[in-house]
Every structure is written in structure tokens, then in C-alpha cells.
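Chains as they are written, first to last, in this note's numbering: chain A, 307 to 792; chain B, 110 to 549.
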């Protein structure tokens with residue numbers, strides 16, 4: 307029996323791409339049905355799609371693997387998380403003068419929300435709008451409805467970034483592998499929804515996600531996002547520094563980082579000998595040689611995160627605590643290093659119990675945590691429906707960050723109206739363009755299919771068990787690279 | 110040398126609250142202009158290191174700075190020389206100010222020697238005497254060249270440190286304001302002098318003219334005392350919706366980089382002038398109300414209105430806003446010029462420190478090496494500014510990625526920050542915060 311009702315999300319990480327499929331029960335808790343990982347080395351840089359073709363190939367493979375696990379059910383749509391370089395929050399204030407004797411009504415709040423959605427910052431894309439804080443005549447007010455005031459300000463947080471973040475995902479997923487993307491999700495916000503406790507959200511929580519390509523930081527207080535920034539340095543740079551500093555291969559550097567790397571050097575063991583594998587054999591260095599390299603980069607990453615938090619001017623208020631997440635957080639003593647820099651309590655992220663059904667270990671694995679967080683944000687059924695059916699989604703929104711739209715009852719036409727004026731081409735031309743586009747798409751599809759088959763064969767050959775197969779693979783690889791060069 | 114000019118007498122028209130002091134050539138021109146046009150209840154003083162320039166002016170009260178330092182021959186475009194001259198003459202400056210003056214305007218053009226160097230010293234003396242001290246300075250056109258801009262921006266900083274409020278007139282911004290006409294270079298300079306004149310005169314006017322609803326010295330004092338960078342702007346309007354037009358005129362002709370910034374001011378005062386024939390009407394009060402509502406200040410907006418019969422049917426508004434940072438009035442290029450120098454110098458220092466440390470380490474190593482003790486040179490991490498982070502230029506990030514953090518040469522980073530300065534390439538994405546304002 308194939309599944310017909312599930313949600314699907316993909317986390318485009320710099321080191322690996324994770325796909326996950328699951329369902330949500332009536333209370334909004336998630337159960338994970340299947341997950342798959344693809345190594346993405348090089349094709350995603352600093353959290354942004356770098357080589358679209360390669361990423362599309364990996365995602366295609368990932369989705370097929372997932373579909374196999376789902377007894378052949380087809381994944382029609384997939385939510386994608388973005389969290390790459392240039393993503394950040396931005397303040398945006400809408401205000402309205404109501405005059406003396408004015409009263410805040412639902413209509414006024416909706417109009418302000420609409421104004422906010424209309425806003426297009428120069429050269430930036432808006433990925434999400436976090437519900438606003440209201441100020442009536444300059445005083446903060448949580449429940450503005452019905453209150454008398456002469457002037458109302460709504461302070462929104464927009465999540466913005468380079469337009470290429472969205473465009474590249476649409477290019478790869480929509481154009482190249484023809485799957486629908488109901489919405490791109492802001493990864494750090496999704497992650498915060500999964501791991502921050504209510505107390506942390508209220509009293510002040512700083513979430514730092516140490517990814518391979520980027521490190522994101524977001525802060526919360528009084529239940530609201532205060533700021534979000536993506537620092538374009540990740541833990542992969544530690545590996546690269548080790549490789550160049552100790553003259554070893556990247557895989558050896560990665561091993562050294564995982565096994566012997568420490569965010570804070572320990573005086574007692576710094577003279578201990580350490581064996582490293584170089585091309586010409588095993589060499590012995592001292593622990594301190596490695597410490598020096600790792601510590602410098604870790605410090606730089608933490609300092610950059612600290613600078614963002616300090617810039618946002620929240621440190622004057624006490625009560626904050628820190629949660630660290632991501633693969634980078636597995637580095638030994640990173641917790642202590644963060645703690646000593648921020649002078650705050652630091653804990654390692656774990657998924658909230660009430661959000662994951664059956665205490666799933668997968669969601670608590672740093673490698674998969676973000677994918678689970680993204681999955682939790684999905685709303686639409688992502689399964690391919692055999693016939694056109696009324697949507698059968700039974701998902702209830704989890705108790706998380708209030709939605710971007712402060713008036714969830716707002717009819718959808720409203721949104722369409724907002725976007726309507728943009729495409730201003732005449733109908734005929736558009737129709738023709740549509741036909742051409744479809745033809746091109748078909749051709750593209752065929753070409754892709756051929757390529758994919760060829761690739762799969764190659765992959766097979768490369769992975770072949772015999773030595774001969776391996777050599778063959780290498781030769782193929784080399785010639786392929788050369789072909790590309792010309 | 111003419112001794113009569115050198116000797117400084119107490120001003121003949123004493124007992125004025127406001128003193129406008131022109132320091133150096135540019136400031137001197139502006140003050141001479143004002144004197145020639147005549148503003149009542151204000152006294153004028155010229156300070157310069159160049160005796161010839163002093164002689165040329167009609168202004169009666171003159172003070173030659175640094176008789177021994179410059180011999181009345183000017184400062185030769187060297188701010189240090191101008192500064193030295195002012196320090197030498199500080200007793201004379203003090204006695205010149207010690208006549209019941211409550212407020213001084215120190216006008217100077219930044220980028221030369223005397224205005225840049227002596228201006229901040231005159232300001233400092235005035236402020237130390239408890240006088241409300243307002244600096245009004247011009248900064249050069251970009252075409253005047255890098256060395257001059259660097260000097261100017263440094264001067265502006267020093268001025269800002271020594272005054273209660275600083276009005277910066279950015280000549281480059283003037284150029285963009287009047288770009289449509291085929292302005293000649295002398296015209297452009299005249300326009301710069303004129304703006305300086307208008308700025309000083311408008312504030313003096315607010316205090317000295319008797320208005321219907323008055324804004325007095327205390328209000329101006331409140332608005333300007335220790336208030337950082339400020340702006341003054343004048344606008345005129347005529348015909349239908351004349352007040353609204355005047356407001357727009359004033360707002361759009363401010364010399365602030367981003368017009369919307371004006372509403373971020375911390376303290377605000379404005380005055381509306383009209384003639385007896387066509388006085389302010391009740392229906393025009395709405396425009397005033399709306400205008401005031403747009404300011405985000407926590408303080409009370411001070412405002413007043415009064416007659417000025419020379420206006421006839423027109424209406425005039427003078428807006429005084431304060432509490433900005435220098436970044437609001439300098440163009441990105443101008444800011445870059447100064448920060449780049451700072452950065453290179455810092456990198457140089459760091460490098461020297463590192464070398465010294467390395468040498469020490471080596472020395473220690475020769476004695477302690479066998480015990481296996483190592484003194485690690487601490488490499489300072491590079492922390493990106495939010496601008497660098499938001500920039501579309503990734504070259505700095507690429508450099509930080511490709512050079513290991515533990516042995517990176519800080520000079521490389523400084524060089525890249527200097528040339529590929531994201532501050533400069535950032536202007537497009539600079540408008541980070543926007544505001545929609547409705548009048549319901």
C-alpha cells in the first residue's frame with residue numbers, strides 16, 4: 307500500500323543534502339517515515355547552490371531513494387530550506403496615523419500587513435515575514451485590537467537575502483527535476499521552532515547553528531525573533547586549515563578534526579604526540595600543532611557570531627542562554643569555547659519532545675536535525691495524488707512562531723492581487739511563450755533522462771567491486787574533466 | 110604688516126547673544142557674506158592665519174591667529190600648522206568670546222589648513238566656556254582630490270568632538286542637488302558659501318526674530334546642546350498647498366544622504382514664516398500636524414511661527430534637526446577615504462607587533478626550546494562588519510576562506526578591505542530599513 311498523505315522536505319547543507327519524509331499527527335507532532343543523505347561536496351557553497359546541475363542530480367537521486375522507501379509512492383512536492391550566505395533579518399516598520407480618537411481594528415492591522423508584504427527592498431528577496439510587535443502612541447502593546455490610540459507602529463522582521471537563494475532553488479528543483487516547491491523555508495527559524503524551549507523564547511535564547519559552510523545565529527526574546535544573521539564561515543574551513551597547515555589530505559584533516567580537534571586547547575595534553583598520515587607516510591606532530599590551527603579558526607567563527615549578537619544590542623539585557631546546533635557543534639569543547647566568549651549558559655540542541663513522536667533519535671542527530679525541523683514546518687500534502695482531490699491535509703499547526711501573516715484568515719486572493727501587477731505582458735505573447743517553454747522543457751527532460759541513465763551507469767562502474775572497475779572509473783573521471791575543460 | 114588689523118579690540122556692537130566666527134578662508138567668506146547682507150543682533154568675527162585674507166573682508170572684528178607660528182602668511186594647507194596657530198592665540202580667542210556671548214557659530218571649510226586645524230581649537234575653547242557651540246562646516250567636492258578629502262573628514266571628526274552640534278554641508282551633495290543646471294565651478298563654490306550663510310543665518314533668525322508662537326534661545330539650546338550632528342534646511346512654498354510644498358522643498362534640499370533619514374532625528378525644531386497679507390491659515394495646521402507625526406523622536410518637537418513680510422504670498426519653513434551620526438551626512442566615498450587610512454595603519458601596527466613578538470619568541474625558544482615550551486603568537490581573528498557581510502562582493506570572504514586563520518597576514522586583509530571596500534560598493538543595498546507612512 308503506497309502512502310498518499312505525507313510531507314517532504316530537503317535541507318541543502320554544504321556538506322550533505324538531507325531529504326526527509328514524514329507525517330504530522332493531530333497535535334502537530336512529527337513522525338519520520340524515511341530519510342536519505344547525499345554527499346554534496348562542492349556543489350553547495352556557503353549554503354547556496356553553486357553547481358545547479360550537480361545539486362539537481364543529487365536531489366533527484368535523493369527523491370528516488372525516498373520514493374523507494376515509501377513503497378513507490380511519488381513525491382510530488384517538496385519543501386526546501388534556505389539558510390545560506392546573505393540571509394539575515396531586517397527591520398521594517400509600517401505606521402499609520404489614526405488621528406485623535408482612533409481605534410485599532412482588524413482592517414487596520416490587515417492593511418498594515420499588506421503594506422509590509424508590498425515592500426520590496428532593493429536587490430533583496432523577502433523570504434519570510436515574522437509577526438510584528440505593535441506600538442500604540444510609542445508604547446508596546448501585545449493585543450492592539452480595540453485599543454484607542456492616535457498612531458500605531460508595526461515593527462516587522464523581514465527575512466531577506468540575495469534573490470539568487472530562491473532563484474537557484476527554483477532552477478534546480480522546479481526546472482531541472484520538475485518537482486513543485488510549495489514554499490522555501492527559512493532554515494534557522496525552522497530549527498529554532500524545533501529546539502528552543504518556550505522559556506528560552508521568552509527570556510532570551512540565542513541559537514547558533516554551526517554548519518559546514520555557514521554558521522547562523524538568531525536571537526529570541528518575549529516569544530519573538532529579534533535578529534537573524536548568517537556568518538559565511540563554517541566548520542569545513544577548520545578542515546581546510548588543517549589540511550593546508552599540516553600538509554595532509556582533506557579526508558585525513560577531517561579525521562584529525564573529528565578525533566583530535568579541540569575548540570579550546572588543553573594545556574595538559576598539548577605536548578602529546580599525534581600521528582598524522584601524509585602522502586609520504588606517517589609523521590608525528592604534537593597535539594599543540596593541531597590545536598593552534600583549530601583554535602584560530604574556531605575563534606574567528608565565534609568572534610564573528612559574537613559581533614552580530616553584539617551589534618544587535620541585546621547583550622545589555624540579561625537572561626539570555628545559548629543553544630548550539632549543527633555538525634560543527636560536535637567539535638570537542640566548542641560548548642566551553644562559546645560559553646567563555648558569551649559568558650552565558652550553553653546547551654547542545656535537542657528536538658523538543660512534544661514535537662517528535664516516539665522520541666525519534668534521528669531528529670536528535672545533528673546531521674538530520676535541520677531536515678526534521680524543516681519537515682515540521684511543512685503544511686501541504688506532498689504526495690502525488692492519483693486524482694484531483696480536495697486537500698486532505700489534517701495537519702494542525704504546531705505551537706511555534708506565529709505565522710508571518712498576522713491575520714491567518716486573510717483570503718488568498720489578496721495575496722494574488724499583490725503579485726498580479728508584476729507580470730504585465732500581453733496574453734498572446736505569453737501563450738506562445740508558454741508553448742515554446744513547454745517544448746523546451748520536454749526536450750530538456752529527455753536530455754536529462756539520457757544523462758541520468760548514463761550517469762547511473764557510470765556511477766555503477768565507478769563503484770564496481772573489482773580493481774579494474776575502479777581504474778575504469780578513474781579514467782572516466784579524468785577524461786570527463788578534460789572534456790569539460792575544452 | 111598693518112598693526113591695526115592685528116590688534117583686536119572688543120566688538121563695538123557688543124551685548125549680542127550670538128557670535129558668528131569664521132575660521133579660515135571658506136568660513137571667512139561665509140561670515141563676510143552674512144555681514145554684508147546684515148543680520149541683526151549677531152556679531153561677527155573673522156579668524157585666519159592669512160593676514161591678506163583678513164584685510165580683504167569688510168567684517169570689522171578680526172583676529173590673526175598665530176602671529177609667531179605663521180607670521181600672518183597662512184597655514185599652507187597644513188592643518189597641524191593651523192592648529193598650532195590657534196593654540197598660540199588661545200588667550201586672544203578667549204577674551205574675544207568673553208563678552209556675554211551665549212551661542213557661537215563656528216563656520217569653517219574643511220580640507221584646507223586654517224579651517225581644518227584651527228576650527229576645532231576655537232570650538233573647544235568656546236565650548237569649554239559653557240557657550241552653546243555650533244559648528245557649521247563644509248566638506249569638499251569629490252573632485253577636489255583624495256588628500257583634501259582625507260584632511261577634511263579628519264577635521265570634521267575633530268570638530269564633532271569639540272562642539273555641541275555640528276552641521277555638515279557636504280559640497281558633493283550640493284553638486285547632486287544642483288546638477289541639472291550647467292553650473293560653473295565658481296558658481297558651485299559660491300553656492301557652497303551661500304549654503305553656509307543660510308545655515309548660520311536661519312538659526313540666528315530663529316532666536317533673534319520675535320515670532321507669534323516663539324521659538325527662543327532656550328528651545329534652540331535644548332535642541333542643539335550635546336546633540337551630535339545636525340541639519341538645517343529651509344524650504345519655500347507658494348499657491349495651493351503651499352505649506353506642504355514648503356515642507357517638501359525643505360526636506361528634499363537637506364544635505365543628508367538619505368532624505369528619509371531626516372525623520373530619524375532625535376530632536377527637532379522648526380519655524381514657519383508668512384506675511385501679514387497672507388498669514389498661516391487654520392487649514393494649513395493639518396500639514397504641520399502630519400509633518401510632526403512623521404518624526405520618530407521621543408522628545409517634544411519644538412516649533413513656532415511668525416511674520417516675515419518680505420515673503421508676500423509665499424510661506425517659508427526652517428527645519429532644524431539634530432542627533433544624527435556622521436554616517437548620515439558623509440557620502441560612502443568620503444567615509445571610505447578615512448577608514449582606509451586607519452585600517453592600513455592598524456594593519457601596519459599589528460604586523461610590527463607580530464614581528465616583535467616573533468623575535469621574542471625566538472629568543473625564548475633559544476633558551477627554553479629544549480623544554481618544549483612554545484609561545485604561540487596570537488593571531489587576531491578577522492571580524493566582518495555587517496556591511497561587509499551584506500555586501501555583494503565576496504572577495505574578502507573568499508580570502509578569509511582560502512587563507513588559514515592561524516597564519517594569515519593581516520596586511521592582505523587590510524589591503525582587500527581598502528580596495529574592495531564593501532562600504533563603497535554597498536551604496537545600492539544601503540537602504541536597509543524603510544518606512545511606509547500613512548495619514549489616516
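In this text, a Cβ means the ideal position worked out from N, Cα and C, and glycines have one as well.
Note that this is a predicted model, so its numbers are computed, not measured.
Minimum Cα-Cα distance from residue 334 of chain B among the listed residues B:222, B:241 and B:322 corresponds to B:241.
Using a CB distance cut-off of 7 Å, residue 402 of chain B counts as an interface residue toward chain A.
Contact between the region 275-282 of chain B and the region 235-252 of chain B is present: 3 or more CB-CB pairs across the two stretches fall below 8 Å. At least one CB of chain B lies nearer than 7 Å to the CB of residue 609 of chain A. Residue-level contact check: residue 603 of chain A touches chain B, since one or more beta carbons of chain B fall below 7 Å from its beta carbon.
An exposed status is given to residue 619 of chain A, since fewer than 16 other beta-carbon atoms sit within 10 Å of its beta-carbon. Within chain A, the residues 392 and 394 have their CB atoms less than 8 Å from the CB of residue 499 of chain B, given in chain order. Taking 8 Å as the upper bound on Cβ-Cβ separation, chain B lies near no residue of the region 311-336 of chain A.
For residue 444 of chain A, the closest alpha carbon among the candidates A:430, A:460, A:751 and A:436 is that of A:460.
At a cut-off of 7 Å, the C-beta of residue 540 of chain A has no neighbouring C-beta in chain B.
Here the region 335-349 of chain B does not lie against the region 398-417 of chain B, with fewer than 3 beta-carbon pairs under 8 Å apart.
Residue 354 of chain A places its beta carbon 7 Å or farther from that of residue 387 of chain A. DSSP links residue 590 of chain A through a beta bridge to A:581. Of the candidates A:334, A:609 and A:675, A:609 places its Cα closest to the Cα of residue 646 of chain A. Its Cα nearest to that of residue 652 of chain A, the residue A:625 stands out among A:625, A:447 and A:674.
Judged by DSSP in its simplified three-state form, residue 452 of chain A adopts coil rather than helix or strand. With respect to chain A, the C-beta atom of residue 510 of chain B has a partner C-beta closer than 7 Å.
Excluding its 5 nearest sequence neighbours in each direction, residue 413 of chain B has C-beta neighbours in its own chain below 6 Å: 320, 322, 323, 324 and 380, listed in chain order. Annotation: the continuous alpha helix (DSSP H) that includes residue 422 of chain A extends over 412-424. With a cut-off of 8 Å on Cβ pairs, the region 210-225 of chain B is in contact with the region 144-163 of chain B, counting three or more such pairs. Taking the beta carbon of residue 586 of chain A as reference, no residue of chain B falls within 9 Å; the closest one sits roughly 21 Å away. Between residue 129 of chain B and residue 309 of chain B a beta carbon distance of about 5 Å is seen, short of the 8 Å cut, so the two are scored as contacting. Put simply, the CB of residue 531 of chain A is far from chain B, with every gap to its CB atoms at 7 Å or more. The C-beta of residue 617 of chain A comes closer than 7 Å to at least one C-beta of chain B. Closest in alpha carbon position to residue 744 of chain A, among A:394, A:481, A:580 and A:528, is A:481. When rounded, the separation of the alpha-carbon atoms in residue 396 of chain A and residue 516 of chain B is 35 Å. Residues of the region 540-568 of chain A with a C-beta less than 8 Å from any C-beta of chain B: 543, 546, 547, 550 and 551, listed in chain order. The CB of residue 316 of chain B never comes closer than 7 Å to any CB in chain A; the least such distance is about 30 Å. Non-local beta-carbon contacts of residue 384 of chain B in its own chain, meaning distances under 7 Å to residues more than five positions away in sequence, involve 416, 417, 418, 420 and 421 in chain order. Chain A places a beta carbon closer than 7 Å to that of residue 514 of chain B, counting this residue as a contact. Using a Cβ-Cβ cut-off of 7 Å, residue 689 of chain A does not count as an interface residue toward chain B, since no Cβ of chain B sits closer than that to its own. Membership of residue 438 of chain A in the beta strand (DSSP E) is indicated by the continuous run 431-442. Only buried fits residue 389 of chain B, as 16 or more other CB atoms lie within 10 angstroms of its CB.
Cβ contact annotation for residue 686 of chain A (same chain, cutoff 6 Å, sequence separation greater than five): 488, in chain order.
Using a CB distance cut-off of 7 Å, residue 525 of chain B does not count as an interface residue toward chain A. For residue 613 of chain A, the closest Cβ of chain B is nearer than 7 Å.
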